[in-house]
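The sequence shown runs 2 to 268 under our numbering. Note that the Cβ used here is the ideal one computed from N, Cα and C, for glycine as well.
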Amino acid sequence: MVRPLIIGVGGSKSNSGKTTFASDILRMLTEVTISSTKDQSGSKEDFKHSSLKTKKRWGAIKYTKTEIYSSIIEDFEILNEDGKDTKRFIDSGAEKVIWIKATIFDLPEIIPIALDRLYHLDGILIEGNSAILIANPDIIIFISLDNSCDFKPTAWKVLENAQIVIMSDNSPLINIKEMTKRSKVFILDDFQRTDLKNIINEVIDHMNKLVNRKDIERLLIEHSVDKRITCQKARALAEEFGIPYSEVGRIADELKIKIVECQLGCF
């Protein structure tokens, strides 16, 4: 069974906009494939077409911190109650939603259980900073859509690991360059009035690139010997993923893998 893609959506604090954005991106993810593996039975053109059009099955995990007790809630009637964030995930197309109510001490034991119950799906979206730090998702999206500097302690840790940051134009993060220099940053002028469809499309496009990069890194490491890979194998990777030779060369450089036996001057 293919491992699902796991996406974490965290935020600077409660009411930071993360649930709204998580619901909107989940709605689009159930209609758009995020895949980095070409179907061997079809052509590259067929794969590109399906990656844009195929409906995928996504699940969602909502985490709420408690002080005394811990539980995993899967009862649809409870999850689908008006006003609950879990209902927003259901309405956004999630095939299965799990609500974790847990102490910070029990969370490391509960997160793997919840993930395992969604492992049959194509993707899993997790909302909640502490849950993200334990689950270690493939992609982390950090939301900061107000001008407050009053961040949760866990928010800073999530931000440090985020590949995508979405902030308002008055967010204090704009002035904290070192915290976001390794992330792709999207700035919204007016979150309440902005049509999120275009920016979510950009986020999904960037997520595709991140997933591809993870696979390229893995394959470069697998095909290298003593930190060396042949030009022929590096070119094959670039062609398989449809990216320039120079991009594979740049990733190899970052991994300190040397491309050898290069006769065409591609790298």
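Collapsed DSSP secondary structure at A103 in the structure displayed: strand
What three-state label does DSSP hand S15 in the structure shown? coil
Under the three-state DSSP convention, the category K49 falls into: Residue confidence for K49 is low, a pLDDT of 35 falling below 50, so the modelled location carries little weight and cannot support an answer.
Rounded to whole angstroms, what is the Cα-Cα separation between A95 and C232? 43 Å
Assuming contact is defined by CB atoms lying nearer than 8 Å, are I112 and S71 in contact in what I supplied? no
If you draw a straight line from the alpha carbon of D107 to that of P173, how long is it in whole angstroms? 33 Å
Following the continuous alpha helix (DSSP H) through V226, name the residue where it begins and the one where it ends. First-last for V226: undefined, no H or E at that position.
Quick check on I244: does DSSP put it in helix, strand or coil? coil
Beta-ladder partner(s) of W59, from DSSP: G124
Would I26 and V204 qualify as a contact pair, given that the criterion is a beta-carbon distance under 8 Å? yes
K234, DSSP secondary structure in three states: helix
Once the 5 residues before and after I260 are set aside, which same chain residues still bring their CB inside 7 Å of it? I230, C232, A235, G250, A253 and F268
Secondary structure at F143, three-state DSSP: helix, strand or coil? strand
Where does I26 fall in DSSP's three states? helix
Go ahead and label N202 buried or exposed: buried means 16 or more other beta carbons lie within 10 angstroms of its beta carbon, across all protein chains shown. exposed
Of the listed residues K66, T67, G18 and K97, nearest to I79 (C-alpha basis): K97
So if DSSP puts T65 in a beta bridge, which residue, or which two residues, is it bridged to? K102
Identify, in the order they occur along the chain, each residue of the same chain with its Cβ nearer than 6 Å to the Cβ of N81, setting aside the five sequence neighbours on each side. K88 and I91
Can you tell me which of S225, Y120 and H121 puts its alpha carbon nearest to the alpha carbon of I258? S225
Tell me the residue span of the beta strand (DSSP E) that contains S72. S72 to I74
Would you decide whether R28 is buried or exposed? Buried here means 16 or more other CB atoms lie within 10 Å of its CB. buried
Within 10 angstroms of the Cβ of E262, are there 16 or more other Cβ atoms? Answer buried if so, exposed if not. exposed
F187 (DSSP reduced to helix, strand or coil): strand
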